[in-house]
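Engineer: Here it is: the structure, laid out below.
Residue numbers (full-length UniProt numbering): 1 to 694.
Written out as structure tokens, the structure is:
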């Protein structure tokens, strides 16, 4: 009868401008799809060149190499007898578009440009591409000669159209179009499209996956149909981790779920679904059918091909499943770990070095590296040859097999406790015990000699010796002495990262890991060019609250009992002198606000787009049970003063894993001035006026 269609979607770990590797992964996904009986294969957004090419999209080389890869795909026997839907940039009439190129048996069927471009948060698509604004309009696209020689076609359809096969009708969406209020699948569904496809470049944010799943399922719940979503996965060259979650949905229910976090470079989902289920579902929705009778039809590209077999009565079809979501703690354990693995293997370094202070932030970073080691061992155990080859190259041993996470951790992870006269024995013991439990190669050193040498140079030149405030010095002197310690730790971290393996007779260098959390960065509670300055930072987009919950998760799931004492200790920088051998300095006292308050300020500032006055107006209601309006005003003013005074530090912020939508990352995500009028005179006067009225 021709009613059971078999479709494939995938999550590919593509890498910006890695045309060779990207082509190989595309071929692998097509091979897997065909081996499972699929007649249609969907790939991620811009998969040929990699999504994160940024300003390389301006270069003609990027367009040229994309067409060269397309040529390889078109002429290969591997792409015969399956409709292939791939993503690449295309220049049409001197305008650059983000496109899907859909082809079958050496013939391009349609080039479909993106209609709604992503241009918020980390996305800058309007910088490089133009949206296709001609709804239901198709033009002739003149193919480059290298493609003409393969296809025998001079021109192909370019625009907003759908495909009609012998048995069904397919329509494409591209990433952002699913999230738009006027998604194309609405009108396409009314016009008889039964299979919707979406090629995405959607990155991970904590607690975001359910939103994507809900959107996909709701797309077909009201209108009926089959929805097939592909997504990029992994780190393709910057701060983002694309979290896969390829999926297939029918009539509002998930029928196939891909992994969100995985070290597999290629993951393919295949589902066989009954088109009659779509037709019968739609038949009883009278409101939909009335709207369909008035819809403006899409141009149709006829395809002499079927996604089903003539005799398919006995073919089993897929049933709905329940989507399993990760908890935020699991997301922190897995997402940054996979991002670190991609960064490590693609940077061709020999491991990581982390200044381990014995506090929550650096300990959480260490736990993420340990989680990475667990993921590597699990992937190798499951037969992942790519991960095994990468692990062998990283440890420089062609016979090595990573089986024990602690043993692998010792090979690729160096931790270093940098003590000073202001450090307590407690933090030293905590760092050492955690290092033992995760298996890292641990170094203990003392920085006092270097600190005295640097301060000594200043004293020789100026004739004056700065003192801590507890010894009678001013706050300027005390802060300067704290900053010297912090910056010397950064210098030593890089020295040991470059030469620690050399000293042990081993090849390679180490990547330095930072461990400043998103809240400290927002407040500016860090020394510029201290240990927050590193190569990458896996927790730079994660709040202190979430990190504490993650630490508890590690205690329970990784049996890291050393974390119990770390959890119970108050956060401290340990940069001021001890009092009776005990730490007197604490982070929250230094900052003048709690980490819980910081998270609230961060979400209001970035997500709610609140300036000082709007933040005050929101908080007097939010905190009415615990603070007077005058106290709220004081807190808001203090936050904005500290935020603006320290904003310059964000210009040199270490590239961090993006996990929160209130990240203050100045380089890509949170674009603000870094020289403020820190008195905020007009704004604060508005607050004062409101306080007096209240």
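Yeah, the Cβ is synthetic: ideal placement off N, Cα and C, and Gly gets one too.
On the premise that residue 654 lies in contact with residue 674, defined as a C-beta separation below 8 Å, what is that separation, rounded to the nearest angstrom?
Structural biologist: Here residue 674 is taken as the residue at index 674 of the chain shown, counted from 1. Here residue 654 is taken as the residue at index 654 of the chain shown, counted from 1. Their Cβ separation, rounded to whole angstroms, is 16 Å, which puts residue 674 and residue 654 out of contact at 8 Å.
Engineer: On the criterion of 16 or more Cβ atoms from any shown chain inside 10 Å, does residue 187 qualify as buried, or is it exposed?
Structural biologist: Here residue 187 corresponds to residue number 187 of the chain shown, with the count starting at 1. Buried.
Engineer: Using 10 angstroms around the beta-carbon of residue 214, count the other beta-carbons present and answer buried if the total reaches 16, otherwise exposed.
Structural biologist: Residue numbering aside, residue 214 sits at position 214 when the chain shown is read from its first letter. Classification for residue 214: exposed.
Engineer: Would you kindly work out how many angstroms separate the C-alpha atoms of residue 600 and residue 179, rounded to a whole number?
Structural biologist: Counting from 1 along the chain shown, the entry for residue 600 is found at position 600. Counting from 1 along the chain shown, the entry for residue 179 is found at position 179. Rounded to the nearest angstrom, the two C-alpha atoms are 26 Å apart.
Engineer: Are the beta-carbon atoms of residue 209 and residue 245 separated by less than 8 Å?
Structural biologist: Locating residue 209 in the chain shown gives position 209, where the first residue counts as 1. Locating residue 245 in the chain shown gives position 245, where the first residue counts as 1. Cβ atoms of residue 209 and residue 245: closer than 8 Å.
Engineer: Using DSSP bridges, identify the partner residues of residue 10.
Structural biologist: Residue numbering aside, residue 10 sits at position 10 when the chain shown is read from its first letter. Beta-bridge pairing links residue 10 to 268.
Engineer: Can you confirm whether the region 343 to 350 touches the region 30 to 43 when touching is taken to mean that 3 or more C-beta pairs between the two stretches lie within less than 8 Å?
Structural biologist: Output reads no: the region 343 to 350 does not touch the region 30 to 43.
Engineer: Beta carbon of residue 371, beta carbon of residue 334: below 8 Å?
Structural biologist: Position 371 of the chain shown, counting from 1, holds the residue named residue 371. Position 334 of the chain shown, counting from 1, holds the residue named residue 334. The answer is yes: Cβ separation under 8 Å.
Engineer: Helix, strand or coil: how does DSSP classify residue 171 here?
Structural biologist: Within the chain shown, the letter at position 171 stands for residue 171. Note: residue 171 maps to strand in three-state DSSP.
Engineer: Using a Cβ-Cβ cutoff of less than 6 Å, which residues in the same chain neighbour residue 534 once the five nearest sequence positions on both sides are dropped?
Structural biologist: Counted from its first residue, the chain shown places residue 534 at position 534. Result list for residue 534: 512, 513, 514 and 654, in chain order.
Engineer: Do you know whose CA, among 607, 401 and 87, lies nearest residue 63's CA?
Structural biologist: Your numbering for residue 63 matches position 63 in the chain shown. Minimum Cα distance to residue 63 is reached at 87.
Engineer: List the whole-angstrom C-beta distance separating residue 278 from residue 190, where the pair is believed to meet the contact cut-off of C-beta under 8 Å.
Structural biologist: As a working mapping, residue 278 is identified with position 278 in the chain shown. As a working mapping, residue 190 is identified with position 190 in the chain shown. Not really, about 13 Å apart at Cβ, beyond 8 Å.
Engineer: Suppose you measure from the CA of residue 375 to the CA of residue 240; what does that come to, to the nearest Å?
Structural biologist: To locate residue 375, count along the chain shown from 1; it is residue 375. To locate residue 240, count along the chain shown from 1; it is residue 240. Taking the straight line from one Cα to the other gives about 19 Å.
Engineer: For residue 144, collect the residues of the same chain with a Cβ closer than 6 Å to its Cβ; drop the 5 residues on either side in sequence, then sort them by chain order.
Structural biologist: For this step, residue 144 is matched to residue 144 along the chain shown. Only 67 meet the Cβ criterion.
Engineer: Report yes if the C-beta distance between residue 638 and residue 567 is below 8 Å; otherwise report no.
Structural biologist: In the chain shown, counting from the first residue as 1, residue 638 sits at position 638. In the chain shown, counting from the first residue as 1, residue 567 sits at position 567. Cβ distance not < 8 Å, so residue 638 and residue 567 don't count as in contact.
Engineer: Count the C-beta pairs between the region 394 to 412 and the region 421 to 428 that are closer than 8 Å, then say yes if the count reaches three, no if not.
Structural biologist: No contact exists between the region 394 to 412 and the region 421 to 428.
Engineer: Could you tell me the alpha carbon to alpha carbon distance between residue 108 and residue 156, rounded to whole angstroms?
Structural biologist: Reading the chain shown from its first residue, position 108 is the one you call residue 108. Reading the chain shown from its first residue, position 156 is the one you call residue 156. Between residue 108 and residue 156, the C-alpha separation is close to 7 Å.
Engineer: Under DSSP, the beta strand (DSSP E) around residue 107 begins and ends at which residues?
Structural biologist: For the purposes of this step, residue 107 is taken as the residue at position 107 of the chain shown. From DSSP, the beta strand (DSSP E) with residue 107 extends over 107 to 113.
Engineer: Residue 562 to residue 433, Cα distance in whole Å?
Structural biologist: The residue labelled residue 562 in the question sits at position 562 within the chain shown. The residue labelled residue 433 in the question sits at position 433 within the chain shown. Whole-angstrom Cα-Cα distance: 6 Å.
Engineer: Does residue 682 pass the burial test, meaning 16 or more other C-beta atoms within 10 Å, or should it be called exposed?
Structural biologist: Numbered from 1 along the chain shown, position 682 holds the residue referred to as residue 682. Label assigned to residue 682: exposed.
Engineer: Between residue 159 and residue 138, is the Cβ-Cβ spacing less than 8 Å?
Structural biologist: In the chain shown, residue 159 corresponds to position 159, counting from 1. In the chain shown, residue 138 corresponds to position 138, counting from 1. Contact: yes.
Engineer: If you count every other CB in all the chains shown that lies within 10 Å of the CB of residue 327, and 16 or more means buried, which is it?
Structural biologist: Locating residue 327 in the chain shown gives position 327, counting from the first residue. With fewer than 16 other Cβ atoms within 10 Å, it is exposed.
Engineer: Give every residue of the same chain whose Cβ lies closer than 6 Å to the Cβ of residue 549, excluding the five residues on either side of it in the sequence, and list them in chain order.
Structural biologist: Residue numbering aside, residue 549 sits at position 549 when the chain shown is read from its first letter. So the list reads 329, once near-sequence residues are dropped.
Engineer: Contact check, residue 18 vs residue 78 under 8 Å by CB: the rounded distance?
Structural biologist: If you number the chain shown from 1, residue 18 lands on position 18. If you number the chain shown from 1, residue 78 lands on position 78. Actually they do not touch by this definition, with Cβ atoms about 19 Å apart.
Engineer: Helix, strand or coil, according to DSSP, for residue 444 in the structure here?
Structural biologist: Position 444 of the chain shown holds residue 444. Of the three classes helix, strand and coil, the one that applies to residue 444 here is strand, per DSSP.
Engineer: Over what stretch of residues does the beta strand (DSSP E) that includes residue 257 continue unbroken?
Structural biologist: As a position in the chain shown, residue 257 is number 257, starting the count at 1. Counting along the chain, the beta strand (DSSP E) containing residue 257 begins and ends at 253 to 257.
Engineer: Quick check: the region 214 to 223 against the region 51 to 65, are there 3 or more CB pairs under 8 Å?
Structural biologist: The region 214 to 223 is not in contact with the region 51 to 65.
Engineer: Is it true that the region 431 to 451 meets the region 513 to 533, where meeting means three or more beta-carbon pairs spaced less than 8 Å apart?
Structural biologist: Judged by Cβ distances under 8 Å, the region 431 to 451 makes no contact with the region 513 to 533, as fewer than three pairs qualify.
Engineer: Quick check on the burial criterion: 16 or more other C-beta atoms within 10 angstroms. Buried or exposed for residue 200?
Structural biologist: Sequence index remark: in the chain shown, residue 200 carries index 200 (1-based). Buried, because 16 or more other Cβ atoms sit within 10 Å of the Cβ of residue 200.
Engineer: Could you have a look at residue 250 and say whether DSSP puts it in helix, strand or coil?
Structural biologist: Numbered from its first residue, the chain shown carries residue 250 at position 250. In the structure shown, residue 250 sits in a strand (DSSP, three-state: E or B).
Engineer: For residue 439, which residues from the same chain have a beta carbon less than 6 Å from its beta carbon, with the 5 sequence-adjacent residues on both sides left out?
Structural biologist: Here residue 439 refers to the residue found at position 439 when the chain shown is read from its first residue. So the list reads 406, 409 and 410, once near-sequence residues are dropped.
Engineer: Can at least three beta-carbon pairs, one atom from the region 19 to 26 and one from the region 245 to 261, be found at a separation below 8 Å?
Structural biologist: At 8 Å Cβ cutoff, the stretches do not touch.
Engineer: Could you pull the start and end residues of the beta strand (DSSP E) that residue 389 belongs to?
Structural biologist: For the purposes of this step, residue 389 is identified with residue 389 of the chain shown, where counting begins at 1. Residue 389 -> not in any beta strand (DSSP E); alpha helix (DSSP H) instead, spanning 385 to 395.
Engineer: For residue 290, count the other beta carbons within 10 Å of its own beta carbon; 16 or more makes it buried, fewer makes it exposed. Which is it?
Structural biologist: Walking along the chain shown from the start, residue 290 turns up at place 290. Exposed, since its Cβ has fewer than 16 Cβ neighbours within 10 Å.
Engineer: Can you grab the Cα-Cα spacing for the pair residue 456 / residue 422, in whole Å?
Structural biologist: As a position in the chain shown, residue 456 is number 456, starting the count at 1. As a position in the chain shown, residue 422 is number 422, starting the count at 1. If I take the Cα positions, the gap works out to 18 Å.
Engineer: Starting from the C-beta of residue 402, find all residues in its chain whose C-beta is less than 7 Å away, skip the five residues before and the five after it, and write them out in chain order.
Structural biologist: Locating residue 402 in the chain shown gives position 402, where the first residue counts as 1. Counting only Cβ-Cβ distances below 7 Å, and skipping sequence neighbours, we find 376, 377, 380, 391 and 408.
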